[in-house]
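Before any comments, here is the structure.
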Amino acid sequence: MQKFTDLKNKADQEYNTLLTKPRIRIGTDISGVAAGSIEISNELSKHISEHNLDITLSHVGGFGLSFAEPLIDIQMPDGSRVFYSNVTVDNVGKIVQNHLINGNPVYDLAFAYSGNLTNTNNTPEFYQLPENKLQKKVLTENFGEIDPTDIYEYIANDGYSALAKALFQMEADNVHKEILDSKLRGRGGAAFPTGVKLGFLKGSEAKEKYILCNCEEGDPGAWNDKAILESDPHRLVEGLILAAIATNASNGIIFIRHGNDIPIDRTKAAIKSAYENGLLGQNILGSEFTFDAEVVLVGESYVAGEETALMEAVEGKRAMPRYKPPFPAAFGVWGHPSNINNIKTIANLPSIISKGSSWFTSIGTETSTGTAILCLSGNINKPGLYEIEMGTTIRSVIEDICDGIPNNKELKLLQTGGPLGGVLNSSKLDTSIDFDSMAKAGAILGSGGIIVADQDVDVIDLTRMLIAFCQFESCGKCFPCRLGNSHLLEILNRICGKTSTESDIELMRKVGTNMQQGSLCGHGQLGFNPIKSALEYFKDDFDLALDTSISVPNVTINIPTRANRY
Amino acid sequence: MEPITNNSDLETQINNAIENNLSGRMTILAALLAVQDDIGYIPQKALEIVSELNTTTVNDVWGVASFYPNFRFDPPTEHTIEICWGPSCHITGAQDIIKSCLTELNLETEGDTNDGFINFKFNTCLAACAQSPVGSVDHKIIGRLNKKKIIDLINNLKSQKK
Chain A
43 MQKFTDLKNK
53 ADQEYNTLLT
63 KPRIRIGTDI
73 SGVAAGSIEI
83 SNELSKHISE
93 HNLDITLSHV
103 GGFGLSFAEP
113 LIDIQMPDGS
123 RVFYSNVTVD
133 NVGKIVQNHL
143 INGNPVYDLA
153 FAYSGNLTNT
163 NNTPEFYQLP
173 ENKLQKKVLT
183 ENFGEIDPTD
193 IYEYIANDGY
203 SALAKALFQM
213 EADNVHKEIL
223 DSKLRGRGGA
233 AFPTGVKLGF
243 LKGSEAKEKY
253 ILCNCEEGDP
263 GAWNDKAILE
273 SDPHRLVEGL
283 ILAAIATNAS
293 NGIIFIRHGN
303 DIPIDRTKAA
313 IKSAYENGLL
323 GQNILGSEFT
333 FDAEVVLVGE
343 SYVAGEETAL
353 MEAVEGKRAM
363 PRYKPPFPAA
373 FGVWGHPSNI
383 NNIKTIANLP
393 SIISKGSSWF
403 TSIGTETSTG
413 TAILCLSGNI
423 NKPGLYEIEM
433 GTTIRSVIED
443 ICDGIPNNKE
453 LKLLQTGGPL
463 GGVLNSSKLD
473 TSIDFDSMAK
483 AGAILGSGGI
493 IVADQDVDVI
503 DLTRMLIAFC
513 QFESCGKCFP
523 CRLGNSHLLE
533 ILNRICGKTS
543 TESDIELMRK
553 VGTNMQQGSL
563 CGHGQLGFNP
573 IKSALEYFKD
583 DFDLALDTSI
593 SVPNVTINIP
603 TRANRY
Chain B
30 MEPITNNSDL
40 ETQINNAIEN
50 NLSGRMTILA
60 ALLAVQDDIG
70 YIPQKALEIV
80 SELNTTTVND
90 VWGVASFYPN
100 FRFDPPTEHT
110 IEICWGPSCH
120 ITGAQDIIKS
130 CLTELNLETE
140 GDTNDGFINF
150 KFNTCLAACA
160 QSPVGSVDHK
170 IIGRLNKKKI
180 IDLINNLKSQ
190 KK
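In order, the protein sequences belong to chains A and B. Throughout the first sequence, residue numbering follows my numbering, covering 43 to 608 in sequence. Throughout the second sequence, residue numbering follows my numbering, covering 30 to 191 in sequence.
See below:
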């Protein structure tokens, strides 16, 4: 424990020193970078050095407020902060001159403020903005606030205190019991109780046991796994060690899809600094516990998100699912007992251990405890990443947090839980966001992506796009999925091309049933979901499309398919 | 794919790529990713070297290399443009962006331009869905794309051709 106390003291000291200087935070997660935050950061650096200013410029992850990016946040030593949204390179000079040199925030460019400031020219308070106030931040509490590459900032904000508690004040059994009692369920899609899953690995007597953490995240429309790695990677590392304590595991692997350089670099840096500070490796913090962690890159493959396919990819092979049994807890990566969890699941563990399972179960609903990190995109006024309490309605998220649909249009379609999840129509807006209500509505919460489409969307064309995705990403190992998706795409192409026959809907249902019953993994089993749900919620659109007496322009799309790719 | 050559420079380059760039443990996939990152493609020689390093066959390595869209098998173009065709981008106009790219680059589908200067590629998700439509130019992600923005970016690349 002494080692942790020393580390904590050092971290507090570093953090307090940091607060004595003005500080500019700029969001440089993938979303921020896509909006141009690197250009803004370069411009800021130029002005800072031109004027020889003593200012800290921190690359944070992001607040999740994608619509406001590039977003910069200037904090003065008195703690007051002013946030500037949609900053352009041309505005940077003005902000630096007025705010940092003359001490007068530029309120006509400001998005929000916080802290003790007067005459703010009707600028709203940052944390009172609906998009912040209506969130329940558990996993994302450090997002945008701390420098993800600075381990001391994480520790100064109570980071690794759950680890110290688990190592020195709890028995390993109690760490596991606390996770069980929290009723935490897997955030990757299947929503299996995490404590029970960890119990499978805990029961193994093997010396070499693996906790695997899945950030393959191939779901278009979801980026919350990567966001954790970009904004607060130490939370994941700490969660991983806690899962290892609960199961007596020896090794941890975090897989990330190759090409996502920002999450990859930040995770590698976090693991390195955790080793340097005695938080990973031999005798963690001077305890008896030893655990190693590493990052493994996987190639671009959607199916690699399936647990056994991921193990194949880690072993360097094609990402194709294995037959089960044997299950991963008995025979996992390189044959060692293994347990795969989603990143959001593991990142919940530090809060559960430090605040207790009863605190966690007080958040959310009876059967879906805790929060959900949602990724909102598509036709919406405020796209971004928002953490909400389970049980919040979709309507509240879309209307209150995201400020509705642009240009006074009507919402027509929602696509949730990735391409294999279903589509919903506006009659389902009052569905509560929790695992069971979403499943009852015919969709899945899955990875937390919600894509919104307005009245102008062509439902059949979008369904075709979703099936094209499933066809392209089928790994090809089992034929119901490989052939089934190709059949479905062909039929949807002829419906879009107005050359369909009356029996086509029945034919799609038949193919879909075969896929569901005959496929080896979820990719094929759930592959018919987009069509099934579209037929249920948008029957009129299909009727119109199938009516060959009505002529419509033939919409062609340019997309890759497996067949023309190889 | 290029024929097997005894180009010792290439061989050195491949070995260096694997030695310096390998992320984590040696596997077929890790070695191939290291080569792709470093020299921009997987030459036939790399399949042989990776098979030796993993004590397996060239066929086995090819099985992995042909599975993942990460890899290309001939020398890379000067520049790469990727456009996301995922659902968020699709809803916000990706098809128009893709059509503009294909027209500007004189291509029917993904691939290299006739002069071998620019490669155009579809991407299933570039992970910035909230900034859709999204693309990338030389792996730099660019969001909130529209026709004008992408045409300007392409013209800018074209103007760099010597």
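We put the CB at the ideal spot given by N, CA and C, even for glycine. Predicted model only: the values in this text are computed from it and were never measured.
Out of the options, state which residue places its alpha-carbon closest to the alpha-carbon of residue i.
i: residue 36 of chain B; options: B:151, B:48, B:63, B:74; result: B:74
i: residue 318 of chain A; options: A:603, A:598, A:45; result: A:45
i: residue 372 of chain A; options: A:294, A:241, A:224; result: A:241
i: residue 528 of chain A; options: A:152, A:603, A:468; result: A:603
i: residue 182 of chain A; options: A:235, A:91, A:412; result: A:412
i: residue 226 of chain A; options: A:213, A:132, A:392; result: A:392
i: residue 574 of chain A; options: A:499, A:487, A:473, A:461; result: A:461
i: residue 135 of chain A; options: A:160, A:109, A:175, A:90; result: A:90
i: residue 152 of chain A; options: A:72, A:518, A:168, A:580; result: A:168
i: residue 495 of chain A; options: A:383, A:455, A:541; result: A:455
i: residue 68 of chain A; options: A:92, A:103, A:515, A:206; result: A:103
i: residue 179 of chain B; options: B:138, B:59, B:154, B:132; result: B:132
Suppose the cutoff is 7 angstroms on Cβ atoms and the five residues either side in sequence are ignored; what does the same chain contact list for residue i look like?
i: residue 607 of chain A; result: Any reading at residue 607 of chain A must be qualified, since the residue scores a pLDDT of 42, below 50, and its modelled position is unreliable; no value is offered.
i: residue 556 of chain A; result: 522, 526
i: residue 320 of chain A; result: 45, 326, 327
i: residue 388 of chain A; result: 255, 278, 281, 282, 285
i: residue 537 of chain A; result: 502, 546, 587, 588
i: residue 46 of chain B; result: 63, 64, 67, 68
i: residue 473 of chain A; result: 435, 436, 479, 480, 483
i: residue 146 of chain B; result: 106, 107, 108, 190
Between residue i and chain A, is any beta-carbon pair separated by less than 9 angstroms?
i: residue 98 of chain B; result: yes
i: residue 146 of chain B; result: no
i: residue 173 of chain B; result: yes
i: residue 176 of chain B; result: no
i: residue 57 of chain B; result: yes
Identify the continuous beta strand (DSSP E) that holds residue i and give its terminal residues.
i: residue 125 of chain A; result: 123-126
i: residue 253 of chain A; result: 252-257
i: residue 69 of chain A; result: 65-69
i: residue 169 of chain B; result: 169-171
i: residue 420 of chain A; result: 413-420
i: residue 167 of chain A; result: Segment: none, residue 167 of chain A is in no beta strand (DSSP E) and carries neither H nor E.
Within a Cβ cutoff of 6 angstroms, which residues of the same chain sit near residue i, ignoring the five residues on either side of it in sequence?
i: residue 182 of chain B; result: 166
i: residue 329 of chain A; result: 209
i: residue 237 of chain A; result: 221, 222
i: residue 77 of chain A; result: 111, 112
Verify the CB distance criterion: does residue i have a CB-CB separation below 9 angstroms to chain B?
i: residue 602 of chain A; result: yes
i: residue 359 of chain A; result: yes
i: residue 192 of chain A; result: no
i: residue 179 of chain A; result: no
i: residue 51 of chain A; result: no
i: residue 507 of chain A; result: yes
i: residue 484 of chain A; result: no
i: residue 237 of chain A; result: no
Residues of chain D with CB closer than 7 angstroms to the CB of residue i, please, in chain order.
i: residue 139 of chain B; result: Among the chains of the structure shown, chain D does not appear; the protein chains present are A and B.
Where does the unbroken alpha helix (DSSP H) through residue i begin, and where does it stop?
i: residue 177 of chain B; result: 176-188
i: residue 279 of chain A; result: 275-289
i: residue 556 of chain A; result: 546-560
i: residue 158 of chain B; result: No alpha helix (DSSP H) holds residue 158 of chain B; DSSP gives it neither H nor E.
i: residue 571 of chain A; result: 571-579
i: residue 92 of chain B; result: 87-94
i: residue 317 of chain A; result: 303-318
i: residue 238 of chain A; result: 236-244
i: residue 535 of chain A; result: 521-538
i: residue 15 of chain A; result: Examination of residue 15 of chain A is not possible in this model, given that chain A is present from 43 through 608 alone.
Enumerate in chain order the residues of its own chain whose CB-to-CB distance from residue i is below 8 angstroms, with the five nearest sequence positions on each side excluded.
i: residue 141 of chain A; result: 116, 124, 147, 148
i: residue 248 of chain A; result: 378, 379
Output needed in chain order: residues of the region 448-462 of chain A with a Cβ under 8 angstroms from some Cβ in chain B. Per Cβ criterion, the list reads 457, 461.
Scan the region 396-425 of chain A for residues whose Cβ lies nearer than 8 angstroms to a Cβ of chain B and list them as they occur along the chain. The region 396-425 of chain A vs chain B, Cβ under 8 angstroms: 417, 418, 419, 420, 421, 425.
Members of the region 118-133 of chain B that neighbour chain A once the beta carbon cut-off is set at 8 angstroms: Residues of the region 118-133 of chain B whose Cβ lies closer than 8 angstroms to any Cβ of chain A, in chain order: 118, 119, 120, 121, 124, 127, 128, 131.
Of the residues that make up the region 148-169 of chain B, which ones have a beta carbon closer than 7 angstroms to any beta carbon in chain A? The region 148-169 of chain B vs chain A, Cβ under 7 angstroms: 151, 153, 154, 156, 157, 158, 159, 160, 161, 163.
Near-chain B residues of the region 114-142 of chain A - C-beta to any C-beta below 9 angstroms: Listed by position, the residues of the region 114-142 of chain A near chain B (Cβ gap below 9 angstroms) amount to none.
Below 9 angstroms between beta carbons is the criterion; list the residues of the region 105-116 of chain B that meet it against any residue of chain A, in chain order. If the cut-off is 9 angstroms between Cβ atoms, the region 105-116 of chain B has 113, 114, 115, 116 near chain A.
Taking beta-carbon pairs under 7 angstroms, can you tell me which members of the region 45-79 of chain B lie near chain A? Against chain A - using a Cβ distance shorter than 7 angstroms - the residues of the region 45-79 of chain B are 52, 53, 56, 57, 58, 59, 62.
Within 8 angstroms of chain A by C-beta, residues of the region 81-96 of chain B in sequence order: The region 81-96 of chain B vs chain A, Cβ under 8 angstroms: 83, 92, 93, 95, 96.
Closer than 8 angstroms, Cβ to any Cβ of chain B: which residues of the region 332-364 of chain A, in chain order? Cβ contacts with chain B come from 336, 337, 338, 339, 340, 341, 342, 343, 344, 355, 356, 357, 358, 359, 360, 361.
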